[in-house]
Amino acid sequence: GENVEQHPSTLSVQEGDSAVIKCTYSDSASNYFPWYKQELGKGPQLIIDIRSNVGEKKDQRIAVTLNKTAKHFSLHITETQPEDSAVYFCAAMPFGGTASKLTFGTGTRLQVTL
Amino acid sequence: DTAVSQTPKYLVTQMGNDKSIKCEQNLGHDTMYWYKQDSKKFLKIMFSYNNKELIINETVPNRFSPKSPDKAHLNLHINSLELGDSAVYFCASGADQPQHFGDGTRLSIL
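Protein chains in written order, with this note's numbering: chain A, 1 to 114; chain B, 1001 to 1110.
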C-alpha cells in the first residue's frame, strides 16, 4: 500500500517569511496529491491539490510542486501571516474509482510568529 | 449551510457503552468516508461507502459498524467502547472530487 512521509513535523517562521513542507510517497500509481490545513477544533480543509500531469500549481500565496520521478511533492507558502498557523497534511491517492483512498502524511505544525 | 456536518461534536462516555455518530453531506457526492485521528494527529481511513455500498473497510474491529441509509448520510456505530477508541472521528465525502471533511467528533472514553 501507499506510504507518505512528511517533513518537518514542526516549523516556526517569522511573519512575512516563506514556509516549505515536503512529502514523499511510495506508490507510483498515486496521481493525485492534495494538501489540507487543519485549524484547532476543525476538520482538514483542502487548500490546494495537484494531479500528476502537471509539475506545479499556484494559488495566490500557496504553491505546490510535484516531482513524479523522485516521488516527492512540496507545499510552498510565501509571505506567511499569523492566520497561516495550523497543522498541514499532505496526501496521495490514485485518482479515480470508488475504491481509491487518501493516504495522509503525519502532519506539519506551522507556527507563524510576529 | 455546512457541506459535511457530523453530530455530536463531543462525546464522553464510559468503557463498555455503545454510541453512534451521525454524518450528513449536502454536496451531492456519491462517496462518504470515516477517518480516525489519534492523539498524534495521524489521520487514517476506516471505511468508505459509495451510494450506500461498503467499498473500503480498513481492518477496523467489528465493534465499529458503519451504516448508510442513503448516499447523503453515513453513520458510525461503536459497540463495547474501549479506552483505545478515544480519538477524533471525521466524516468526509467526495471520490472523484476533492474530499471535504466535517469538523469531527471528539470521543473520550472514561
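We put the CB at the ideal spot given by N, CA and C, even for glycine.
Three-state secondary structure (DSSP) of B/Leu1027 = Taken through DSSP and simplified to helix, strand or coil, B/Leu1027 comes out as coil.
Alpha carbon to alpha carbon, how far is A/Thr10 from A/Leu40?
-> For A/Thr10 and A/Leu40, the distance between alpha carbons rounds to 15 Å.
What first and last residue would you give for the beta strand (DSSP E) that runs through B/Glu1053?
-> Run containing B/Glu1053: 1053 to 1057, per the beta strand (DSSP E) assignment.
Taking Cβ to Cβ, would you say A/Leu102 is nearer than 9 Å to A/Pro34?
-> Yes, they are a contact pair.
Cα-Cα separation between B/Glu1024 and A/Gln45, rounded to whole angstroms | It is roughly 17 Å from the alpha-carbon of B/Glu1024 to the alpha-carbon of A/Gln45.
Distance, B/Val1060 Cα to B/Glu1082 Cα = Those two C-alpha atoms are separated by around 13 Å.
Straight-line gap, B/Gln1037 to A/Asn53 (C-alpha atoms, nearest Å) | C-alpha separation (whole angstroms): 31 Å.
Taking only beta-carbon positions, decide if A/Gln38 is within less than 9 Å of chain B.
-> Answer yes: the Cβ-Cβ gap between A/Gln38 and chain B drops below 9 Å somewhere.
Taking the C-alpha atoms as reference points, what is the distance between A/His7 and B/Asp1070?
-> Distance between the alpha carbons of A/His7 and B/Asp1070: 39 Å.
Kindly say whether A/Leu11, judged by its beta-carbon, lies nearer than 9 Å to any beta-carbon of chain B.
-> Judged by the 9 Å Cβ criterion, A/Leu11 is not in contact with chain B.
Going along chain B in order, which residues have a C-beta closer than 7 Å to the C-beta of A/Ala92?
-> Near A/Ala92 there are no residues of chain B at all, since even the closest Cβ is about 13 Å away, more than 7 Å.
Could you confirm whether any beta carbon from chain A is found closer than 9 Å to the beta carbon of B/Leu1043?
-> By this cut-off, B/Leu1043 is an interface position.
Report the residue ranges of all beta strand (DSSP E) runs contained in full by the region 78 to 106 of chain A; include only those spanning at least 3 residues, in chain order.
-> With a minimum length of 3 residues, the continuous beta strand (DSSP E) runs that stay inside the region 78 to 106 of chain A are 86 to 92.
Between the region 1042 to 1066 of chain B and chain A, which residues of the former have a C-beta closer than 7 Å to a C-beta of the latter?
-> Answer set for the region 1042 to 1066 of chain B: Phe1042, Leu1043, Ile1045, Ser1048, Asn1050, Ile1055, Ile1056.
For B/Tyr1089 and B/Pro1066, believed in contact at Cβ under 8 Å, the rounded distance = Not really, about 11 Å apart at Cβ, beyond 8 Å.
The beta strand (DSSP E) enclosing B/Asp1070, as first and last residue numbers | That run of the beta strand (DSSP E) goes 1064 to 1070.
For A/Thr69, is the classification buried or exposed, using 16 other Cβ atoms within 10 angstroms of its Cβ as the cut-off for buried?
-> With fewer than 16 Cβ atoms within 10 Å of its Cβ, A/Thr69 is classed as exposed.
Roughly how many whole angstroms lie between the Cα atoms of B/Tyr1035 and B/Ile1109?
-> Near 18 Å, if we compare the C-alpha coordinates of B/Ile1109 and B/Tyr1035.
Any residues in the region 1022 to 1034 of chain B with a beta carbon nearer than 7 Å to a beta carbon of chain A? Which ones, in chain order?
-> Those would be Thr1031, in chain order.
If you follow the beta strand (DSSP E) that A/Lys37 is part of, which residue opens it and which one closes it?
-> Counted as a single uninterrupted DSSP element, the beta strand (DSSP E) harbouring A/Lys37 occupies residues 32 to 38.
Beta carbon of B/Tyr1033 nearer than 9 Å to that of B/Cys1091 | B/Tyr1033 is a Cβ neighbour of B/Cys1091, given a cutoff of 9 Å.
Return helix, strand or coil for B/Leu1011, following the three-state DSSP convention.
-> Three-state DSSP puts B/Leu1011 in a strand.
Proximal residues to B/Ala1003 (C-beta, below 7 Å), its chain only, five neighbours per side dropped | Listed in chain order, the non-local C-beta contacts of B/Ala1003 below 7 Å within the same chain comprise Gln1025, Asn1026, Leu1027, His1100, local neighbours out to five positions each way being set aside.
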